[in-house]
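Numbering-wise, this note's numbering puts 301 at position 301 of the sequence shown, and it's gapless, one number per residue. Using N, Cα and C, we set each Cβ at its ideal position, and we do this for glycine too. Note sheet for the following structure.
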Amino acid sequence: MTMRHGRVGCFAAALCAGVLLFPAAGTAQTQIKPYIMILLDTSSSMLINPNNPGWESLGDGSNNAPYRTGWSNCCPGIDTAGWDTDSLPNDSRLYIAKDALRDIVSGYGDVQFGLMRYRQYECAIGWGQDMNYIVFPAYQGNMRSGLGATVNQTGWGQPYQSGTRELDLITYVGFNCRVGAACGLNTTGTCNTSGSGGDVLVPIGEDSQNEILRWLDNSETFSSNPAPPTSGTLRCAATTITNPELRASGLTPLARSIDAARTYFAGVIAADPPLLRTCRGYYLVIITDGDDTCGGDPVAAVTSLTSSGVDSYTIGFAFSSTTLNGMAAAGGTGRTTAFSASNKSDLAAAFAQIINDTALTEVCNGRDDDCDGLTDEGFALYCNRPSHPAQDLCTDPGETLCNGVDDNCNGRTDEGLLNLCGACGPAPTEICDLIDNDCDTLTDEGGVCTPGCTPTAEICNNRDDDCDTMIDDGVTRPCGSSIGECRPGTQTCTAGVWGPCAGSVGPVAETCDNRDNDCD
């Protein structure tokens, strides 16, 4: 997969400008971490069971929701029987997504995360399904009143009564709790077509982890009962919420939330030093359980985001569509389809792939891929003397010359080129002499000796003394004289007869030239 954040030439530019981006040799190198903003769907449908859209959980598993009329036993949701049997309110899409994100944010220290949600008004106190007036179908199990009466419900209906009492409470994990009339949400979702469609809850930063986890811990606490915000205010007073939480409310302003991420990243990228911008990866990870329901075009929004220098990944949670695949294809990561997830394990696997794709990993290519000021560190590098003497090649060219020199800079000399006798060139030819001439651990192999013959030194006798099937082969002797102007030569034996003295200079008649012409 090819990312768009190229780094070619950035360090050459730094040197030309006289800028030192990284510490000098011998000091600790600075790790450049990818920036990943997580945009989590907080629409109302995130309260549904991920494997059955008809199963409402009525809550995201969070306790301590804001309340009114003196009630403090607010219900974090109900167990959707059939999904699991643990009797816990942990079946909503939002609960499962937050559970997965807690592990992800805590588990990847080589990434800097941020957190976004869809635009929501705080302190608006949106009231959810009212248990006073709706009893859920039989797949939810038997609904029970606070006084112990039960009703076996087979369909939707208006208020069911036990005696003269409405079923306004259910027994939940050993205590009575209420959703709806007495408990509400601190947030109310909005399409907000005139402004930003998304909220940056936690900016990307080195120390953002703990702040993100506060939004995912299934607990929302207040110093006082929230009151509606003043006109134009989207957040509660800082002293009101002592521990915030992601809650599900409203529609799906997907495109406008992506636009909000693009606006946020524009400031982040501008704040990075110019050389880091060519190196660091900027990413938006979108987790959504539906298409845009606020009239936006999320594919166009992703395309604009990509053009601004931010790549994106799309994860469809219990949902898939051509729109999500179009977003993935426009995200600049090389993917053509969105990730698909329906449980915590799927979300974890998707993020593992994303983190792997976005990690700055050094590969051997002559560039500083992980932006630590070093090139191709950790890899064996080679040369190719004499044409390329520098030791910076990623591929071993092999030893090219048999010359007693380490031509490829791998610490070995003439490897692969020496014959079995440890010398350059072809191995010597085996002859019949009781010696392993070609160094293959065999002596006189290959039929070089005459059968039944015992080899001795070859002499000029018209016989095959050395048993190599040749007569008088290689038998020579010196001849002539080296006295005066004479020079010796060599006689070669053929068929037991010595030949002429080849190469010799013999005596000639003496002349008056101050030389010994007749060699006496």
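Worksheet entry | Stretch pair the segment 251-264 + the segment 332-340: three plus CB contacts closer than 8 angstroms | no
Practice prompt. Return the CA-CA distance between C449 and V405, expressed in angstroms with no decimal places.
Written response: 38 angstroms
Worksheet entry | Alpha carbon of S106 to alpha carbon of D372, nearest angstrom | 24 angstroms
Worksheet item: How would you call I287, buried or exposed, if buried means at least 16 neighbouring beta carbons within 10 angstroms?
Response: buried
Worksheet entry | Start-end ranges of the alpha helix (DSSP H) lying completely within the segment 302-343, minimum 4 residues | 322-329
Worksheet item: Should the segment 349-361 be regarded as contacting the segment 34-43, the criterion being three or more beta carbon pairs within less than 8 angstroms?
Response: yes
Fill in: As assigned by DSSP and simplified to three states, the class of I287
strand
Discussion item. For a cutoff of 7 angstroms on Cβ pairs, would you count L374 as touching chain D?
Written reply: Given the protein chain composition of this structure (a single chain), no chain D is represented.
Worksheet item: Can you tell which of T429, P397, C432 has the C-alpha that lies nearest to the C-alpha of E415?
Response: P397
Worksheet entry | Proximity below 7 angstroms, CB of G114 to CB of P203 | yes
Worksheet item: Between the C-alpha atoms of T469 and T490, what's the straight-line distance to the nearest angstrom?
Response: 24 angstroms
Worksheet item: Counting pairs of Cβ atoms below 8 angstroms between the segment 267-285 and the segment 307-321, do you hit three or more?
Response: yes
Practice prompt. Between the Cα of A341 and those of P50, L88, N325, spot the shortest distance and give me the residue it belongs to.
Written response: P50
Worksheet item: So, using beta-carbon positions, are T188 and R119 closer together than 7 angstroms?
Response: no
Practice prompt. Would you kindly work out how many angstroms separate the C-alpha atoms of K98 and N210, rounded to a whole number?
Written response: 14 angstroms
Worksheet item: Does DSSP put T490 in a helix, in a strand, or in coil?
Response: strand
Discussion item. For Q112, count the other beta carbons within 10 Å of its own beta carbon; 16 or more makes it buried, fewer makes it exposed. Which is it?
Written reply: buried
Fill in: Rounded C-alpha distance that separates D542 from A495
This structure does not reach residue 542, given that the chain is present from 1 up to 520, and the question cannot be answered.
Worksheet item: Going straight from the alpha carbon of L393 to that of I258, what length do you get?
Response: 43 angstroms
Practice prompt. Sort out for me which residues DSSP pairs L40 with in a bridge.
Written response: R117, I287
Worksheet item: For T303, does the count of other Cβ atoms within 10 angstroms reach 16, so buried, or fall short, so exposed?
Response: buried
Worksheet item: With distances taken between CB atoms, is the gap from A330 to V363 smaller than 7 angstroms?
Response: no
Worksheet entry | Selected residue, minimal CA-CA separation from T42, among Y121, D473, I32, P89 | Y121
Discussion item. Using a Cβ-Cβ cutoff of less than 6 angstroms, which residues in the same chain neighbour C501 once the five nearest sequence positions on both sides are dropped?
Written reply: C479, G480, G489, Q491
Worksheet item: Assuming M541 contacts R93 under a Cβ cut-off of 8 angstroms, what Cβ separation, rounded to an integer in Å, is found between them?
Response: The chain is shown only over 1 to 520; residue 541 falls outside these bounds and no answer can be derived.
Worksheet entry | Cβ shell of G484 (< 6 angstroms), same chain only, five flanking positions each side left out | D516, C519
Worksheet item: Using CA coordinates, which residue listed in D472, I435, L216, G198 is at the minimum distance from A261?
Response: G198
Worksheet entry | Whole-Å CB distance - Y551 paired with G61, under 8 angstroms assumed | Past the boundaries of the shown model lies residue 551; the chain is included only from 1 to 520, so the question cannot be answered.
Worksheet item: For C460 versus D472, is the C-beta spacing smaller than 7 angstroms?
Response: yes
Item to complete: Check each candidate in N403, N408, D433, C409 and name the one with the smallest Cα separation from N419.
Response: N403
Discussion item. What does the alpha-carbon distance come out to for the pair A271 and N408?
Written reply: 45 angstroms
Practice prompt. For A509, collect the residues of the same chain with a Cβ closer than 8 angstroms to its Cβ; drop the 5 residues on either side in sequence, then sort them by chain order.
Written response: N517, D518
Worksheet entry | CB of Y313 within 7 angstroms of CB of I269, strictly | no
Worksheet item: For the candidate residues I104, P89, E377, P244, whose alpha-carbon lies nearest to that of T221?
Response: P244
Discussion item. Taking the beta carbon of R247 as the centre, do at least 16 other beta carbons fall within 10 Å, making it buried, or is it exposed?
Written reply: buried
Fill in: Of the listed residues I315, M327, G422, L324, nearest to D346 (C-alpha basis)
I315
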